[in-house]
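Enquirer: Before I ask anything, let me first share the structure, which is written out below as structure tokens.
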Ligand SMILES: Cc1cc2nc3c(=O)[nH]c(=O)nc-3n(C[C@H](O)[C@H](O)[C@H](O)COP(=O)(O)OP(=O)(O)OC[C@H]3O[C@@H](n4cnc5c(N)ncnc54)[C@H](O)[C@@H]3O)c2cc1C
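Residue numbers (this note's numbering): 2 to 369.
Now the structure itself:
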């Protein structure tokens, strides 16, 4: 029922704008409005804070169905989870109440600020500093590649509170867009997900009350990593949705396109490509849903499974979207058809929330 409802909404209210959002590299406002009106913009927020209380699998299905028509728009529910999960996992009750309530209502999105210009895969090498001053913390530094920066009201920011301790000297904070000293860089000009703004976040002596720290001092990096264990599954869902969208389009196209006097779907070479695409998608779906169940239960092997789902599904998305372009021939290579956008959008799923090389490092360290 959830899938049917989200699919209908996505096809009616999000798909019609997907090409324009990509072409104009603009924020998918129509998608945000449609998702918010239907309580799908941050489905993971627990009911006690006014949220829909969707479990990890339901959240995955929402993201998958939105990504099937518009990958940029799927980053609205996905990044709202990424940005707010540190608060849900480690924040005080007061912090949860303060920030999850407006998020659930649609009064403000959440972003996640871990990466920096010189700290990507090696996130613990970050330089952003938070210094205690009486009842406040003062944050300074630059966060890079922040999804929905400028659009979000709330930012989970990881910053160094003790430079002698590396990852154990990192703490997490909630910073608000309206805090004095917060500003944003120019939007990055990207290959894909062009509707999802990616900008730097500048923190220029941003003074925030001490109770905006998420969890204890020195636990921010652990919280950031624990968050990724859960949210990499949402990137797997995004990849899965992009791949399914490409397969669905190609499936229809091959029945219409005629060469050598018959639909190209009649050629076994084409049928085998479609069979492989569908097989890989189904394998990615099973891995992703199993990982979502583990996320919900908090299973001990979640770290391996989350990394495996993200890595596998994103590689599948890249393969399947490339094959979809191939099946449309020259037409697939143009912006008159959606599959080239899907191929460009798929690429990011192999890069963010840890590159697929990093996922392999994570898996190797946590072999089942
Ligand atoms: C569109 C977009 C949105 C993003 N959104 C966010 C966001 O909202 N919040 C956020 O905090 N970050 C975000 N990121 C950042 C993203 O997570 C990083 O780009 C990613 O982790 C890689 O870091 P890097 O770009 O510095 O690459 P690098 O770490 O410099 O990696 C370069 C290459 O080296 C490889 N490599 C590095 N170390 C190793 C190793 N030990 N072994 C093998 N290979 C290695 C990598 O796999 C990669 O191929 C986003 C990035 C993009 C592009």
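The beta-carbon is built from N, C-alpha and C at its ideal position, and this holds for glycine as well. Small disclaimer: the values here were computed from a predicted structure and weren't measured.
Could you tell me whether the Cβ atoms of residue 161 and residue 204 are closer together than 8 angstroms?
Expert: Cβ atoms of residue 161 and residue 204: not closer than 8 angstroms.
Enquirer: Only counting the same chain, and skipping five residues up and downstream in sequence, which positions put a Cβ closer than 6 angstroms to that of residue 85?
Expert: Answer for residue 85: 104 and 111, listed in chain order.
Enquirer: Are three or more beta carbon pairs between the stretch 277-293 and the stretch 354-368 nearer than 8 angstroms?
Expert: As far as the Cβ criterion goes, the stretch 277-293 does not touch the stretch 354-368, which means the pair count is below three.
Enquirer: Tell me, please, whether the stretch 194-210 touches the stretch 35-55 by the rule of three or more beta-carbon pairs shorter than 8 angstroms.
Expert: Too few Cβ pairs lie closer than 8 angstroms, so no.
Enquirer: I need the straight-line Cα distance from residue 333 to residue 323, nearest angstrom please.
Expert: Taking the straight line from one Cα to the other gives about 9 angstroms.
Enquirer: Does DSSP put residue 122 in a helix, a strand or coil?
Expert: In this structure, residue 122 counts as coil in the three-state DSSP scheme.
Enquirer: Tell me, to the nearest whole angstrom, how far the beta carbon of residue 56 is from that of residue 297; I am working on the premise that it is less than 8 angstroms.
Expert: The pair is a contact, with the Cβ atoms about 5 angstroms apart (cut-off 8 angstroms).
Enquirer: Could you please give the first and the last residue of the uninterrupted alpha helix (DSSP H) stretch that includes residue 364?
Expert: Start and end: 357-366.
Enquirer: Quick check on DSSP: helix, strand or coil for residue 260?
Expert: Residue 260 falls in the strand class under three-state DSSP.
Enquirer: In whole angstroms, give me the CA-to-CA distance for residue 335 and residue 341.
Expert: Between residue 335 and residue 341, the C-alpha separation is close to 7 angstroms.
Enquirer: Suppose contacts are defined by Cβ-Cβ distances below 8 angstroms. Is residue 224 in contact with residue 91 by that definition?
Expert: Yes, the Cβ-Cβ distance between residue 224 and residue 91 is below 8 angstroms.
Enquirer: When you measure from the CB of residue 358 to every non-hydrogen atom of ligand 3, does any distance come out below 7 angstroms?
Expert: Among the ligands present in this structure, namely ligand 1, ligand 3 is not found.
Enquirer: Is it the case that the CB of residue 354 approaches a heavy atom of ligand 1 more closely than 7 angstroms?
Expert: Because some heavy atom of ligand 1 lies under 7 angstroms away, the Cβ of residue 354 counts as near it: yes.
Enquirer: Quickly, what does DSSP pair residue 143 with across the bridge? List them, please.
Expert: Answer by DSSP bridge pairing, in chain order: 203.
Enquirer: On a CA-only basis, which of 321, 346, 309 and 320 is nearest residue 357? Give me that one, please.
Expert: Cα-wise, what sits closest to residue 357 is 309.
Enquirer: Could you tell me the boundaries of the beta strand (DSSP E) in which residue 177 lies?
Expert: From DSSP, the beta strand (DSSP E) with residue 177 extends over 171-177.
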